[in-house]
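These protein sequence lines map, in sequence, to chains A and B.
If you count by the working numbering, then the first sequence holds residues 20 to 335, one letter each, in order.
If you count by the working numbering, then the second sequence holds residues 18 to 342, one letter each, in order.
Yeah, the Cβ is synthetic: ideal placement off N, Cα and C, and Gly gets one too.
Keep in mind the model is a prediction, meaning the values are calculated, not measured.
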Amino acid sequence: MREAAVVSQPNPLQRIPGVAIVLVLLVTLFSTIAPGFLSVANLSNVLVQSTILTMLALPMTLIIMTEGLDLSMGAVLTLTSLCVAIVSLATQSMLLGLGAGLLVGMAFGIANGWLVAILGIPPFVATLGTLGMAQGLSLIVSDGQSVVGIPHSVRDIYSATLLGVPVPIVMALVTYAAFHGLLYHTRFGTYIFALGGNREALRYAGLSPNRLLIAVYAIGGAMAGIAGLLMTARMNSGHPTAGLGLEFDAIAAVAVGGTSFERGNGWLLGTLLGVISVGVLRNGLNLISLPSSVQVASVGVLVIVALFLDGLRSRA
Amino acid sequence: MSDITKDAIAPPRSFLSQDAMQAFYRLLAALLICAVLAVLSDSFLSLGNILNVLRQASLTFFIASGLTLVVLTAGLDLSVGANVALSACIAGTVIHKTGSPALGVLTGLACGGIVGLLNGVMVTALRIPSFIATYGMLWVLNGLTYWYMAGETLHGFPAGFRQIGSGYLFGLPIPVYLLLVFLGIGTLFAQRTIWGQEIYAIGANPVAARLSGIPVARRLLLVYAVSGTMAGLASIIFLSRLNSAEADIGESLTLPAIAAVLIGGTSLFGGVGTVFGTFIGALILTLVLNGMNLLSVSANWQPLVTGIIVILAVWLDMKTRRRAQ
Chain A
20 MREAAVVSQP
30 NPLQRIPGVA
40 IVLVLLVTLF
50 STIAPGFLSV
60 ANLSNVLVQS
70 TILTMLALPM
80 TLIIMTEGLD
90 LSMGAVLTLT
100 SLCVAIVSLA
110 TQSMLLGLGA
120 GLLVGMAFGI
130 ANGWLVAILG
140 IPPFVATLGT
150 LGMAQGLSLI
160 VSDGQSVVGI
170 PHSVRDIYSA
180 TLLGVPVPIV
190 MALVTYAAFH
200 GLLYHTRFGT
210 YIFALGGNRE
220 ALRYAGLSPN
230 RLLIAVYAIG
240 GAMAGIAGLL
250 MTARMNSGHP
260 TAGLGLEFDA
270 IAAVAVGGTS
280 FERGNGWLLG
290 TLLGVISVGV
300 LRNGLNLISL
310 PSSVQVASVG
320 VLVIVALFLD
330 GLRSRA
Chain B
18 MSDITKDAIA
28 PPRSFLSQDA
38 MQAFYRLLAA
48 LLICAVLAVL
58 SDSFLSLGNI
68 LNVLRQASLT
78 FFIASGLTLV
88 VLTAGLDLSV
98 GANVALSACI
108 AGTVIHKTGS
118 PALGVLTGLA
128 CGGIVGLLNG
138 VMVTALRIPS
148 FIATYGMLWV
158 LNGLTYWYMA
168 GETLHGFPAG
178 FRQIGSGYLF
188 GLPIPVYLLL
198 VFLGIGTLFA
208 QRTIWGQEIY
218 AIGANPVAAR
228 LSGIPVARRL
238 LLVYAVSGTM
248 AGLASIIFLS
258 RLNSAEADIG
268 ESLTLPAIAA
278 VLIGGTSLFG
288 GVGTVFGTFI
298 GALILTLVLN
308 GMNLLSVSAN
318 WQPLVTGIIV
328 ILAVWLDMKT
338 RRRAQ
């Protein structure tokens, strides 16, 4: 097992250029053409706004490492955000709201894992189906309306600071540390590398690849639940289309970050830099007053370019 | 054991009849849904409603029929809905600017076709997995459409143009005739031409297809271009029926199209399925959604039900396939 882990560990030196070059290029570009981009206020704004995406992109990295995909993440985030809003509104308790979001998110994650692992449905179709289901449930529980008037305890999470650092950033850093520890320093992490690289080896080692897969997707759902709390806090409301399409930004961050879609290796720090790249791209385009539609299109182009380069590297 | 050997020796005829049986079961399911709806709702069997179902099914079918060819090659095109929106908005602008419906139709088809071709290039030349390439394309197209429309709505098109989507001929809506034409063309192309058979071969075993001299990349380009062009056609029908175009019209079209293909028995793993099956799939899905509508279930439930149907369809397909092996 240890040998397998050593082989599948990414070689960071070989990887750093790709995503680092993208990030440096974007920062250089926007600091010359976008006034106010380099201000402390704006940069910390970019980081705070990237926190929700970080919470989706890190589990997405694990899922993509298993040669999977979770297209339902944005829709599930929308649903969990609504659950947080509705439950915290009804009970006036932030923790109960978070609990509801976590439960619903985990349920969707387990369902995704079950469809992929036990029924063997290709991940992009299984999660496309659950995307529709989560989107539908969001419309049903909210009746297509925003949920407003949520308690201050929820709203304050987004604006509060801990030792001068905004709480969302603290949450994102803790998440990153947890994922880093999980992937690189636990046995479970090694198994995740094996899920993408060599599933047979897991079976010979007496482990159940199916249960591990379900666990990976469940982590994704749970993170969507926690991100749902941040989303509700940020918007100070629950909205039935709030997070739709965010899974694409997450996939973009993973792709730019150098995790391969076909070879079962992943790099969490790359994903983090990818998240910041996507955040910088959106923020910069916003500063030069291009509409959000252009941001969406440019993230699409970013993904296609990143995958093309990944394909080139895998052939080289 | 003896069953397996028998299957292996069985002549190709059994494969055809298996397809026919699959289509028969699906028709039966459609009839069953009709019977249930006829009992539950008085208005289901009215002429107006039946024509409405057919017209709605034809729209889903146009998108799904091109998509069927893509799925037959074991690929997927997630950009069809966004493609419909962009093509409709561009075609609508051209009609407004030039006053010529013919030019608008051509632009819509060309726009759809070019987007499809770009998908094909990403899949073949850039070797990006189809579901992720077309998913990227979805967001690029979405962004372009919203940027281009900037929140505006185009509406009011010439009466002649509106006939395409809302007109009647001998008591049947014109889209139904178009449906029959494209059902015929699609079936003939897939089952009776060499190119169609090569598409099945690529889906069944890409390596064997390449080794036997099939120009795989060119056939894949063709398949994605056809899928895009059919989305362009759907955009024209949409435009002329709604008499308006907005940036968000495509958002609820992709999942139903994929559902129609999968219900129709086309396998996600490629090489198995028919255009006729997709027609029945579109019919079944439309019947279910129409029935929910008649029973006054809120439209909010439609994505949930469509999502469940997609998963059920894939699961059933895999189950029957596993049993057949």
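Check                                                                                                                                                              : Outcome
Less than 6 Å between C-beta atoms, sequence neighbours within five positions excluded: which residues of the same chain meet that for residue 258(B)?             : 182, 183
Given this structure, state the Cα-to-Cα distance separating residue 233(B) from residue 139(B), to the nearest angstrom.                                          : 14 Å
Assuming residue 129(A) contacts residue 233(A) under a Cβ cut-off of 8 Å, what Cβ separation, rounded to an integer in Å, is found between them?                  : 6 Å
Confirm, please, whether the CB-CB distance from residue 248(B) to residue 129(B) is below 9 Å.                                                                    : yes
Kindly indicate if chain A contains any beta-carbon less than 9 Å away from that of residue 337(B).                                                                : no
With distances taken between CB atoms, is the gap from residue 261(B) to residue 109(B) smaller than 9 Å?                                                          : yes
Just to check my reading of the structure: residue 328(B) and residue 145(A) have Cβ atoms closer than 8 Å, yes? What is that Cβ distance to the nearest angstrom? : 6 Å
What three-state label does DSSP hand residue 91(A) in the structure shown?                                                                                        : coil
One question on the structure: do residue 299(A) and residue 46(A) come within less than 9 Å of each other, judged by their Cβ atoms?                              : yes
Do residue 255(B) and residue 76(B) have their C-beta atoms closer together than 9 Å?                                                                              : yes
Rounded to the nearest angstrom, what separates residue 304(A) and residue 150(B) at their Cα positions?                                                           : 23 Å
Please say whether residue 154(A) and residue 243(A) have beta carbons closer to each other than 9 Å?                                                              : no
Tell me where the alpha helix (DSSP H) around residue 304(B) begins and ends.                                                                                      : 292 to 311
Residues of chain A with a CB under 7 Å from the CB of residue 144(B): which are they?                                                                             : 330
Pull up the DSSP beta-bridge partners for residue 262(B), would you.                                                                                               : 171(B)
Going by the DSSP bridge assignment, what does residue 152(B) pair with across the sheet?                                                                          : Answer by DSSP bridge pairing: none, since residue 152(B) is not bridged.
Should residue 62(B) go down as buried or exposed, given a rule of 16 or more other Cβ atoms within 10 Å for buried?                                               : exposed
Mind listing which residues of the stretch 113 to 124 of chain A have their C-beta closer than 7 Å to chain B's C-betas, in chain order?                           : none
Span of the alpha helix (DSSP H) holding residue 229(A)?                                                                                                           : 228 to 254
With which residues is residue 180(A) paired in a DSSP beta bridge?                                                                                                : 185(A)
Residues of chain A with a CB under 8 Å from the CB of residue 275(B): which are they?                                                                             : 144, 147
Give the secondary structure of residue 166(A) by DSSP, where H, G and I count as helix, E and B as strand, and everything else as coil.                           : strand
Whole angstroms is fine: what's the gap from residue 336(B)'s alpha carbon to residue 330(B)'s?                                                                    : 10 Å
Output, in chain order, the set of chain A residues within a Cβ distance shorter than 8 Å of residue 319(B).                                                       : 155
Is residue 196(B) near residue 78(B), with beta carbons less than 9 Å apart?                                                                                       : yes
Of the residues that make up the stretch 159 to 175 of chain B, which ones have a beta carbon closer than 7 Å to any beta carbon in chain A?                       : 159, 160, 161, 163, 164
What are the boundary residues of the alpha helix (DSSP H) that residue 289(B) is part of?                                                                         : Run containing residue 289(B): none; DSSP gives neither H nor E here.
Of all the options 228(A), 84(A), 156(A), which has the alpha carbon lying nearest to the alpha carbon of residue 137(A)?                                          : 228(A)
Any beta carbon from chain A within less than 9 Å of residue 315(B)'s own beta carbon?                                                                             : yes
In this structure, what does DSSP give as the bridge partners for residue 189(B)?                                                                                  : 186(B)
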